[in-house]
Amino acid sequence: MVDTIEQVNIRGLDIDKTLKGFALTEFVFKNELCTISSTAADAIRWYQETAADMTATTPSAVANISPLSKFPTLEHSWVRNTSYPKKYGAEVKISMEDIKTADVDVLSRQLLRLTRAVSKQIDTDIWNVITESQSASNINSVTSTAAWDAASGQNCVEDILEAIYDIEIAGYNADDAIIVLSPKDKRSLFTWLITTIGDKIANFASDLTRDGVNVKLFGHKILTNINVTADYAAVIVPGCATWKELTPLTSKVIEDPGIGTQLRVWEEGICILTDPKQVSLISNTQT
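Quick note on our numbering: the sequence shown kicks off at 1 and runs consecutively.
The structure is reproduced here in structure tokens:
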């Protein structure tokens, strides 16, 4: 039998496993921060609800309505938006000779890198949608008075608590909010916490690191991602955005007998920010 044909099914199983495992562990904004729903449309109409609570204008109060008086009229508002799914994809063609003779497992390594490229770009786009490309308009924003990696004067916890506070005063429950950090800001935060208040609160430093990767600060999960823009962090309530999936992460092995094998990875979808006030962007975290 010809090796390139005989091995198709085996490679297909490996590819499925690699795609699912890699996508779930490496880049996680889609799964951690978004509600995921499918779509079959090339245009998605959605509504962004005004976050502020309704207040009465005529009469001037909802309470203390006198007998036979009219009830106040309250009207809420929504902004209608239209978004269009984007296609993400990458491919490579590998010669039959490389597959059969290379010291490196060319197929699996190329697949991993293709998957990484697609997943990383999706995560980057989700981060930019949720943070409004780091130019807060509808989302909450907090500017740190001193960079977290500064020699002195910073207060990382105060910035995070201010971000949580902004979500709560907008009327949302922030109990499940996630603190999203770049690797550098995670290092700065932990260094500041341990050196500044770790010796003032019993067991604080040990409790902070006790659960390994499942680190929490005041009950809030800390999520680290290399796609977080330098000089920014965020506090985000999961479900603030929706990932509308047109095509899930998919792979295809295209055999060209006697020539080589083409690997193709793609996904189609779009992230839409439905509840911007569930997001607080923190800026000026780095010098």
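The C-beta atom is built at its ideal place from N, Cα and C for all residues, glycine as well.
Residue interval of the beta strand (DSSP E) (run including Asn140): Asn140 to Thr143
query: Should Glu75 be labelled buried (16 or more other beta-carbon atoms within 10 Å of its own) or exposed?
result: exposed
message: Using 8 angstroms as the cut-off, can you tell me whether the stretch 212-228 makes contact with the stretch 256-266, which would need three or more C-beta pairs spanning the two stretches below that distance?
response: no
message: Just to check my reading of the structure: Trp243 and Trp192 have Cβ atoms closer than 8 angstroms, yes? What is that Cβ distance to the nearest angstrom?
response: Trp243 to Trp192, Cβ: 33 angstroms. No contact.
- request: Just mark Lys100 as buried or exposed, buried being the case when its beta carbon has 16 or more other beta carbons within 10 Å.
  value: Exposed is the call here.
- prompt: Does the separation of the CB atoms of Ser83 and Trp127 fall below 8 angstroms?
  reply: Not a contact, by the Cβ cut-off of 8 angstroms.
message: Just to confirm before moving on: does the CB-CB distance between Ala241 and Thr274 stay below 8 angstroms?
response: yes
Cα-Cα separation, Lys215 to Met96: Just to set this straight, residue 215 is Val in the shown sequence, not Lys. Cα-Cα distance, rounded: 46 angstroms.
- prompt: With a Cβ-Cβ cutoff of 8 angstroms, do Ile178 and Pro276 count as a contact?
  reply: no
Beta-ladder partner(s) of Thr131, from DSSP: Thr131 is not bridged to any residue.
message: Given this structure, state the Cα-to-Cα distance separating Asn173 from Thr35, to the nearest angstrom.
response: Linking Asn173 to Thr35 through their CA atoms gives a straight-line distance of about 17 angstroms.
query: DSSP three-state call for Asp275: helix, strand or coil?
result: coil
query: Under a three-way DSSP split, which group does Cys34 fall into?
result: strand
message: Given this structure, state the Cα-to-Cα distance separating Asn183 from Val92, to the nearest angstrom.
response: Residue identity differs from the one stated: residue 183 is Pro in this sequence, not Asn. Approximately 30 angstroms, taken between the alpha carbons.
query: When we look at the beta-carbon of Thr285 and count the other beta-carbons within 10 Å, is it buried (16 or more) or exposed?
result: In summary, Thr285 is buried, with 16 or more beta-carbon neighbours lying within 10 Å of its beta-carbon over all protein chains present.
message: Give me the residue from Pro72, Glu158 and Leu111 with the minimum Cα distance to Leu338.
response: Any answer about residue 338 is impossible in this case: the structure gives the chain only from 1 up to 287.
query: DSSP on Gln110, reduced to helix/strand/coil?
result: helix
- request: Could you spell out the range, first to last residue, of the alpha helix (DSSP H) harbouring Val157?
  value: Cys156 to Ile169
message: Please report the distance separating the alpha-carbon of Ile164 from that of Gly89.
response: 36 angstroms
message: Can you check which of these residues, Ile282, Ser251 and Gly269, is closest to Ser108 by C-alpha distance?
response: Closest option to Ser108, Cα to Cα, is Ser251.
- prompt: If we ignore side chains and look at the alpha-carbon of each, how far apart do Ala102 and Asp185 end up?
  reply: 40 angstroms
- prompt: First and last residue of the alpha helix (DSSP H) that includes Ser83?
  reply: Per DSSP, Ser83 belongs to no alpha helix (DSSP H); it is in the beta strand (DSSP E), Trp78 to Ser83.
- prompt: Name the DSSP beta bridge partners of Glu245, please?
  reply: Ser38 and Gly269
message: In this structure, how does DSSP classify Ile65 when only helix, strand and coil are distinguished?
response: coil
message: Could you give the first and the last residue of the continuous alpha helix (DSSP H) run that contains Thr191?
response: Pro183 to Trp192
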